[in-house]
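Number 119 in the UniProt record's numbering belongs to position 119 of the sequence shown; there are no gaps in the numbering. The next block holds one structure in the form of C-alpha cells; read it before the comments.
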Amino acid sequence: MVQIDRSNTASVGLDLYTVAERHQAGLVEAIKEQSKAWQSNPYFVSASVHQSLDGVRVFTYSQWQPKFDHRSLQRPVVFDEFFPPDSLQLEVSASKAIAAAVTIVAGDRLTHLAEFRMLASNQPEMVQRTTTELDRAMSHSPGLLSASFHRSLDGTRMFNYGQWESQAAFEAILKQPGFNPDKPYWEGLARNEFHLYHVVHVETAG
C-alpha cells in the first residue's frame, strides 16, 4: 500500500506512457522491475503502476525525498523498446478523501487521471478553481473515494488523481453542472483529457 503525501514533504514524479495495446503488458512488467530497482535509491519513497482500461496507456506515480528529480535517473535498456514517457515533477495543490489518508492499492478500484494543459499564467487561477470544485465534488458524488489535484512545477499542467468505487460512479459526475464537458469549470483556462486505470503494482521503500 502507498500513501499519497498530501503535505508535499515528498516530491511527486509522474511518468505517462503511450503504448500499442499488444505491448501494454510488457511495458507494465518493465516498469515493475524498474520500481523494484528504485528501492536501492536512498531518495525513493514509493511508486505505483497504473494500467489503462483502454489498453494503450500506463502511468507511474512515484514519490521521492524532497527536491529529488527522478528524471535524473538512468532508464534501463529495456525501455528502449517503448516510446519514452512524458515525465513531470508535481506537487499536491488540493486533496480530499472520505478516509483520513489517500492510499493507493493494487486491485479493482478505479483510478481517474485527468490532465489539464494551460498557459503558465493560468495555473494560479486553476489552482483556486480546482480547490473550490474539489469540495463540491466530494459532497455531491457518491462513490468518489478521493481526489488529489497536483500542479506541475513548470506551471503548464495540472492533474487530478481520483479514486472511485466503480465506473458508474465516475460517469455520474460527468452529468453534473461544472463537470459536464459541455460547460466545465475549467472553461477558458485549460484543455482537459482524462483516462481510467487500475493499479497493478505498488512499491515502497524497504
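All C-beta atoms in this analysis are idealised placements derived from N, C-alpha and C, irrespective of residue type, glycine included.
- With fewer than 16 neighbouring CB atoms inside 10 Å of its own CB, Q128 falls in the exposed class.
- The DSSP assignment places complete beta strand (DSSP E) segments of no fewer than 3 residues inside the region 83-130 at 86-97 and 110-117, in order along the chain.
- For a cut-off of 8 Å, the C-beta gap from I173 to A137 is around 7 Å, short enough to register as a contact.
- In this structure, the CA atom of A169 is about 7 Å from the CA atom of L144.
- Contact between the region 26-35 and the region 77-89 is present: three or more C-beta pairs spanning the two stretches fall below 8 Å.
- Contact check between the region 192-205 and the region 144-157: fewer than three CB pairs, one atom from each, fall below 8 Å, which does not count as touching.
- By the Cβ-count criterion, I98 is exposed, with fewer than 16 other Cβ atoms from all chains shown falling within 10 Å of its own Cβ.
- Beta-bridge partners assigned by DSSP to R151: E91 and M158.
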